[in-house]
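Numbering (the working numbering), first residue to last: 22 to 261.
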Amino acid sequence: MASQQLQYSNGNKNYIGYLAWDEKQQGARPGILVIPDAFGLGEHARERADRLAQAGYVALAADIHGDGFLHADLASAISAIQAMYADRAAWRAMATAAFDALSAQPNVDRARLGAIGFCFGGTTCLELARTGAAVGVIAAFHAGLNAPLAEDAGRIRAKVLINHGAEDPLVKPEAIAEFMAEMRREAIDWQFVHHGNTVHSFTEPTASRLGAPAFAYNKSAEDRSWAAMRQLFDETFEAR
Numbered sequence: 022m023a024s025q026q027l028q029y030s031n032g033n034k035n036y037i038g039y040l041a042w043d044e045k046q047q048g049a050r051p052g053i054l055v056i057p058d059a060f061g062l063g064e065h066a067r068e069r070a071d072r073l074a075q076a077g078y079v080a081l082a083a084d085i086h087g088d089g090f091l092h093a094d095l096a097s098a099i100s101a102i103q104a105m106y107a108d109r110a111a112w113r114a115m116a117t118a119a120f121d122a123l124s125a126q127p128n129v130d131r132a133r134l135g136a137i138g139f140c141f142g143g144t145t146c147l148e149l150a151r152t153g154a155a156v157g158v159i160a161a162f163h164a165g166l167n168a169p170l171a172e173d174a175g176r177i178r179a180k181v182l183i184n185h186g187a188e189d190p191l192v193k194p195e196a197i198a199e200f201m202a203e204m205r206r207e208a209i210d211w212q213f214v215h216h217g218n219t220v221h222s223f224t225e226p227t228a229s230r231l232g233a234p235a236f237a238y239n240k241s242a243e244d245r246s247w248a249a250m251r252q253l254f255d256e257t258f259e260a261r
C-alpha cells in the first residue's frame, strides 16, 4: 500500500491531506473522502484511509483546519468547529476543496465517489452532500445532525448511511427527527442505524481520554458500522 501527503487549497486556506491507495491495483478506483473529527487530521482518520486503501479504494483523509493543524484539547477543537457552524459557506468550501482534490487524482474514477466522516466529520459529509456535490454515497459515524439551509432542497445526490449511538446524549431526538424528515422530504436513499448501548465517539479507541461519559469506544458498534458502510459501498460501486 502507498500513501503520501497531498497539498490542496480552497483559494483562501492551504490544506495538507493524507492520500492512501493500493499501488498494485490497476485502473481507476472508487475514491473515498475521509473527514476526521473536530480535532483534525490525526491517526484515527489516517488509519481509516489505510483500511479503505487496503479494500481497493483511493482514500483521502482531509485536513479540516488548514496547514495540517491538529487541536490538542476538546475546548479548542469545539471553538474551531463552532466557527464553521457559524459560517456554513466557509465550512462547505473546506469540504469541497478536499472532495475536489480527491476527484482530481489520476487513479480515481470520478463516477464513483464517496465520503465518510466521524463526529464533526460526519456532519461535514452531510454539508458536502447538501452542496449538490457529485458524491454517490456518504457514511457518517456518530455525527452531529444539523438542519439544512432552505436553498439545499433537491441538492443531495448521495445515498446516506448514518451510524448512531442509541445512547448518544449529544444528539437530541429533535435533531434526529428533523434529519429523518429531510431524508423523506427529499426522497433520499437513506439508512439510520441505532447501535444499542453506545454513546458518542464509538469508533475512537481513545475516546475515554476525554473524561466524559458521553464519549466511549465500542468495538462491536465500530465493527458493525464499518461492515454496514462496506456493504453499501459494494452495492453502490461494485468494488472488488
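For glycine and all other residues, C-beta sits at the position ideal for the given N, C-alpha and C.
Keep in mind it's a predicted model, so treat the numbers as computed, not measured.
Extent of the continuous beta strand (DSSP E) run through residue i
| i | result |
| --- | --- |
| A82 | 79-82 |
| Y39 | 35-42 |
| I137 | 129-139 |
| F223 | Careful: F223 lies outside any beta strand (DSSP E) and carries neither H nor E. |
| F213 | 211-216 |
| I183 | 180-186 |
| Q28 | 23-30 |
Beta-ladder partner(s) of residue i, from DSSP
| i | result |
| --- | --- |
| H163 | DSSP, once it has assigned bridges, lists no residue as partnering H163. |
| H92 | Partner(s): none; H92 has no beta bridge. |
| V158 | G135, K180 |
| F236 | H221 |
Cutoff 6 Å; reference residue i; Cβ partners in own chain excluding five residues on either side
| i | result |
| --- | --- |
| E207 | I177 |
| A196 | L166 |
| G32 | none |
| R261 | Because the pLDDT at R261 is just 41, under 50, the model does not fix this residue reliably, and the value given afterwards should be weighed accordingly. Closer than 6 Å at the Cβ level, and outside the excluded window around R261, lies no residue. |
| V220 | G186, E188, D189, A235, A237 |
| D108 | none |
| S24 | A41 |
| M204 | W211 |
| Q28 | I37 |
| D58 | F139, C140, F141, G142 |
| D84 | Y36, I37, G38, L62 |
Run of the alpha helix (DSSP H) containing residue i, from where it starts to where it stops
| i | result |
| --- | --- |
| R50 | Per DSSP, R50 belongs to no alpha helix (DSSP H); it is in the beta strand (DSSP E), 50-56. |
| I197 | 194-206 |
| F120 | 109-124 |
| Q47 | Segment: none, Q47 is in no alpha helix (DSSP H) and carries neither H nor E. |
| D71 | 64-75 |
Contacting residues, own chain, Cβ-Cβ under 7 Å from residue i (five flanking each side not counted)
| i | result |
| --- | --- |
| L91 | F60, G61, L62, G63 |
| A49 | N128, V129, D130 |
| A111 | M105 |
| R245 | H216 |
| L231 | L95 |
| A179 | A150, V156, G157, V158, I159 |
| A249 | L182, N184, V214 |
| D88 | N35, I37 |
| S124 | G52, R131, L134 |
Close beta carbons around residue i, own chain, < 8 Å, minus the five adjacent residues each side
| i | result |
| --- | --- |
| R75 | Reading off the sequence shown, one finds Gln at residue 75, where the question assumed Arg. Same-chain partners within the cutoff: M22, D43. |
| E199 | L166, A168 |
| T144 | G138, A161, A164, G165, L166, N167 |
| L253 | V158, A160, K180, L182, Q212 |
| T117 | N31, L149, T152, A154 |
Original post:
Per the contact definition of three or more C-beta pairs closer than 8 Å, is the region 182-190 in contact with the region 112-131?
Top reply: no
Original post:
Any chance the region 62-78 sits against the region 147-158, with 3 or more Cβ pairs inside 8 Å?
Top reply: No contact exists between the region 62-78 and the region 147-158.
Original post:
Are at least three pairs of beta-carbons, each pair with one atom in the region 35-49 and one in the region 93-107, less than 8 Å apart?
Top reply: No, the region 35-49 does not touch the region 93-107.
Original post:
Quick check: the region 252-260 against the region 223-235, are there 3 or more CB pairs under 8 Å?
Top reply: Verdict: no, contact absent.
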